[in-house]
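K.L.:
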Ligand SMILES: C[S@@+](CC[C@H](N)C(=O)[O-])C[C@H]1O[C@@H](n2cnc3c(N)ncnc32)[C@H](O)[C@@H]1O
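Take a look at the structure:
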């Protein structure tokens with residue numbers, strides 16, 4: 087256990103492999119570890135859906151497809167959504183949900199790398215990525231790809247974990263991240279290493295002002311950030327110039 091804590095040997099380029107092993111309990115653990123807030127956070131993305139007809143949505147690192155499902159179920163103006171992910175097992179669970187909800191005519195899932203999208207330039211009106219960008223080697227590659235595939239004025243909406251500003255809250259949150267998350271995540275998923283790795287990606291992610299700067303560097307305009315639950319997560323929004 088101590089060795090694992092010191093050396094959770096996953097490289098970010100292969101982080102999707104973690105999800106290929108923990109997929110069965112992924113949704114359950116999300117709900118438990120976020121005290122049910124993950125669902126509420128995904129709902130907060132609804133207000134950023136462009137107010138125009140026939141919106142074409144791309145959801146990167148879609149996982150089991152909760153973001154695409156939430157947005158499509160609640161927004162009639164989303165004509166189609168494509169979810170991409172590198173983990174076939176996560177996609178498989180997503181496809182089951184989509185079929186059970188009769189949404190196959192509006193959402194499709196495909197295997198794909200967020201750092202190297204297979205789509206043409208200017209194809210989408212909105213691109214979302216929730217809890218995915220901290221898992222890639224270079225977030226700038228993803229931001230540049232999102233920018234490329236969005237239409238002019240298309241919207242990028244990124245939900246990711248961050249750290250609270252308040253020092254006392256941050257202290258307790260870090261204890262929760264370093265101790266409770268690996269312990270609970272490990273016990274329930276059977277993969278301690280995965281949850282040690284995942285909480286480290288939260289600590290190391292360039293959140294807040296740094297991420298806003300990265301979005302601006304990639305060309306996004308009207309960039310803003312909305313912090314959720316005392317700063318535990320943040321929604322970043324930007325538009326293609
Ligand atoms: C924490 S999950 C988030 C899933 C989902 N968006 C959600 O909100 O629950 C991160 C996802 O990123 C995927 N992933 C990691 N690296 C990726 C990459 N380079 N391209 C596409 N997906 C990737 C993983 O397979 C995993 O499904």
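In this note's numbering, the protein residues as written are 87 to 327.
C-beta atoms are modelled at their ideal positions from N, C-alpha and C, and glycine is treated no differently.
Quick caveat, the model's predicted, so the values are computed rather than measured.
Got a sec? Which residues, its chain only, sit under 6 angstroms from residue 147 by beta carbon, not counting five neighbours each side?
P.N.:
In the chain shown, the residue the question calls residue 147 occupies position 61. Within the same chain, residue 147 has close Cβ partners 171, 200, 215 and 218.
K.L.:
Ignoring anything shorter than 3 residues or poking outside the region 190 to 273, list the beta strand (DSSP E) runs there in chain order.
P.N.:
Fully enclosed beta strand (DSSP E) runs of no fewer than 3 residues occupy 193 to 197, 210 to 216 and 236 to 247 of the region 190 to 273, in order along the chain.
K.L.:
Please state the DSSP three-state secondary structure of residue 88.
P.N.:
Numbered from its first residue, the chain shown carries residue 88 at position 2. Only weak support is given to the placement of residue 88: the predicted model assigns it a pLDDT of 41, under 50, and the value that follows is read from those uncertain coordinates. Residue state for residue 88 is assigned as helix, using DSSP reduced to three classes.
K.L.:
Quick check on the DSSP output: the beta strand (DSSP E) that includes residue 308 runs from which residue to which?
P.N.:
Translated into the one-based positions of the chain shown, residue 308 becomes position 222. Per DSSP, residue 308 belongs to the beta strand (DSSP E) from 306 to 314.
K.L.:
Starting from residue 144, follow its DSSP beta bridges and name the residues at the other end.
P.N.:
In the chain shown, counting from the first residue as 1, residue 144 sits at position 58. The partner list for residue 144 (beta bridge, DSSP) reads 168 and 213.
K.L.:
Considering only the alpha carbon of each residue, which of 324, 162 and 152 lies closest to residue 178?
P.N.:
In the chain shown, counting from the first residue as 1, residue 178 sits at position 92. The candidate whose alpha carbon is nearest that of residue 178 is 152.
K.L.:
So what does residue 318 bridge to, in DSSP terms?
P.N.:
Indexing the chain shown from 1 puts residue 318 at position 232. Bridge partners of residue 318: none, in fact.
K.L.:
Give me whichever residues DSSP pairs with residue 174 in a beta bridge.
P.N.:
Here residue 174 is taken as the residue at index 88 of the chain shown, counted from 1. DSSP, once it has assigned bridges, lists no residue as partnering residue 174.
K.L.:
Taking 6 angstroms as the line, does the beta carbon of residue 201 fall inside it for any heavy atom of ligand 1?
P.N.:
Here residue 201 is taken as the residue at index 115 of the chain shown, counted from 1. Yes, the Cβ of residue 201 comes within 6 angstroms of a heavy atom of ligand 1.
K.L.:
Would you say the region 279 to 295 touches the region 255 to 271, given that touching needs at least three Cβ pairs under 8 angstroms?
P.N.:
yes
K.L.:
Closest to residue 138 by CA distance: which of 210, 278, 230 and 168 is it?
P.N.:
The residue labelled residue 138 in the question sits at position 52 within the chain shown. With distances taken between Cα atoms, residue 138 lies closest to 210.
K.L.:
Just to check, is the beta-carbon of residue 127 closer than 6 angstroms to a non-hydrogen atom of ligand 1?
P.N.:
On the chain shown, residue 127 is found 41 positions in, with the first residue counted as 1. Residue 127: no, Cβ never under 6 angstroms from ligand 1.
K.L.:
Return the Cβ separation of residue 98 and residue 228 in integer angstroms, given the expectation that the two are a contact with Cβ distance under 8 angstroms.
P.N.:
Your numbering for residue 98 matches position 12 in the chain shown. Your numbering for residue 228 matches position 142 in the chain shown. Residue 98 to residue 228, Cβ: 11 angstroms. No contact.
K.L.:
Pairs of beta-carbons, one from the region 124 to 138 and one from the region 239 to 247, closer than 8 angstroms: are there three or more?
P.N.:
yes
K.L.:
Which residues does DSSP pair with residue 323 in a beta bridge?
P.N.:
The count along the chain shown starts at 1 and reaches residue 323 at position 237. Beta-bridge pairing links residue 323 to 243 and 310.
K.L.:
What residue range does the alpha helix (DSSP H) around residue 106 cover?
P.N.:
Position 20 of the chain shown, counted from the start, is the residue given in the question as residue 106. Where residue 106 is concerned, the enclosing alpha helix (DSSP H) stretches over 102 to 119.
K.L.:
If you draw a straight line from the C-alpha of residue 27 to the C-alpha of residue 183, how long is it?
P.N.:
Nothing can be reported for residue 27, as the shown portion of the chain is limited to 87 through 327.
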